[in-house]
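> Just so we're aligned, residue -4 is where the sequence shown starts under our numbering, counting upward by one. The beta-carbon is built from N, C-alpha and C at its ideal position, and this holds for glycine as well. Please read all numbers here as calculations on a predicted model, not as lab measurements.
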Amino acid sequence: VTTIDNLAFRQCTLLNTITFSLNSQLTTLGYSCLQQTALSSLTLPDSLTTIGDNCFQQSTFTSLVIPNSVTSLGHGIFWNSGIQTVTLSNAITSLGNSVFVYCSSLTSIVIPDSVVTIGTNTFNGCSSLTSVTLGSGLTTIGDPKFPSSPLTTVVMRTDSLVFATVFSGITTIKTVTFD
-4 VTTIDNLAFR QCTLLNTITF SLNSQLTTLG YSCLQQTALS SLTLPDSLTT
46 IGDNCFQQST FTSLVIPNSV TSLGHGIFWN SGIQTVTLSN AITSLGNSVF
96 VYCSSLTSIV IPDSVVTIGT NTFNGCSSLT SVTLGSGLTT IGDPKFPSSP
146 LTTVVMRTDS LVFATVFSGI TTIKTVTFD
């Protein structure tokens, strides 16, 4: 199997396990293909290159590692999901719009140095997001940036750029580190 097509397992609300073999040839997860599933965990194969829009929307697994073969995340990938921790690939260059919107369990995020663009509404409704690290390659963050996030810790690895209004009005910030 090289592709799990669009909507393939959408709303399979009892689906709790998917296993990929060590020699998996899977390259593509289509849009919304695992939306609203009950996956308790998921390990993506290293062969994966494309994750479609809304792929994991409203799914229940709590952690995920995006393999280094994935270079971008489309729109709404984790929209309103149970994700708490995610490790982004060091090859990712862009995060689409609304990638983590309404991920109320997400507590921290490290944006790798490879990421250049973060789309609009990406962290809207992340009501548990307390720590964010912005990588050195970042040049664009869409609005709104971190609404509803109770950020307390910010690490900025950007070389010379502090984005206009990026943290404006977030009264919970206690520590900012320019690294």
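(1) Which one of Gly130, Asn119, Pro145, Thr115 has the shortest CA to CA distance from Leu136?
(2) With burial defined as no fewer than 16 other Cβ atoms inside 10 Å of the residue's Cβ, what is the status of Phe4: buried or exposed?
(3) If you drop the 5 nearest sequence neighbours on each side, which residues of the same chain put their C-beta closer than 7 Å to that of Gly132?
(4) Quick check on Ile104: does DSSP put it in helix, strand or coil?
(5) Please report the residue range of the beta strand (DSSP E) in which Thr128 lies.
(6) Output yes or no for whether 9 Å exceeds the beta carbon distance between Leu9 and Phe15.
(7) Assuming Gly47 contacts Asn1 (C-beta within less than 8 Å), just tell me the rounded distance between them.
(8) Grouping DSSP H, G and I as helix and E and B as strand, with all else coil, what is Phe73?
(9) Going by beta-carbon coordinates alone, are Gly25 and Gln52 separated by less than 9 Å?
(10) Between which two residues does the beta strand (DSSP E) holding Ser58 run?
Straight from the coordinates:
(1) Position 141 of the sequence shown, counted from the start, is the residue given in the question as residue 136. Sequence inspection shows Ile at residue 136; the Leu mentioned does not correspond to that position. With distances taken between Cα atoms, Ile136 lies closest to Thr115.
(2) As a working mapping, residue 4 is identified with position 9 in the sequence shown. By the 10 Å Cβ count, Phe4 comes out buried.
(3) Your numbering for residue 132 matches position 137 in the sequence shown. Non-local beta-carbon contacts of Gly132 in its own chain, meaning distances under 7 Å to residues more than five positions away in sequence, involve Asp108, Ser109, Val110, Val111 in chain order.
(4) As a working mapping, residue 104 is identified with position 109 in the sequence shown. In the structure shown, Ile104 sits in a strand (DSSP, three-state: E or B).
(5) For the purposes of this step, residue 128 is identified with residue 133 of the sequence shown, where counting begins at 1. Per DSSP, the continuous beta strand (DSSP E) segment holding Thr128 begins and ends at 126 to 129.
(6) Within the sequence shown, residue 9 is the residue found at index 14, counting from 1. Within the sequence shown, residue 15 is the residue found at index 20, counting from 1. Result no, Cβ atoms of Leu9 and Phe15 do not sit closer than 9 Å.
(7) For this step, residue 47 is matched to residue 52 along the sequence shown. For this step, residue 1 is matched to residue 6 along the sequence shown. At roughly 7 Å, the Cβ-Cβ gap stays under 8 Å, so Gly47 and Asn1 are in contact.
(8) Taking the first residue of the sequence shown as position 1, residue 73 is located at position 78. Three-state DSSP puts Phe73 in coil, outside helix and strand.
(9) For the purposes of this step, residue 25 is taken as residue 30 along the sequence shown, with counting starting at 1. For the purposes of this step, residue 52 is taken as residue 57 along the sequence shown, with counting starting at 1. In terms of Cβ geometry, Gly25 and Gln52 do not form a close pair [threshold 9 Å].
(10) For the purposes of this step, residue 58 is taken as the residue at position 63 of the sequence shown. In the DSSP assignment, Ser58 falls within the unbroken beta strand (DSSP E) covering 58 to 60.
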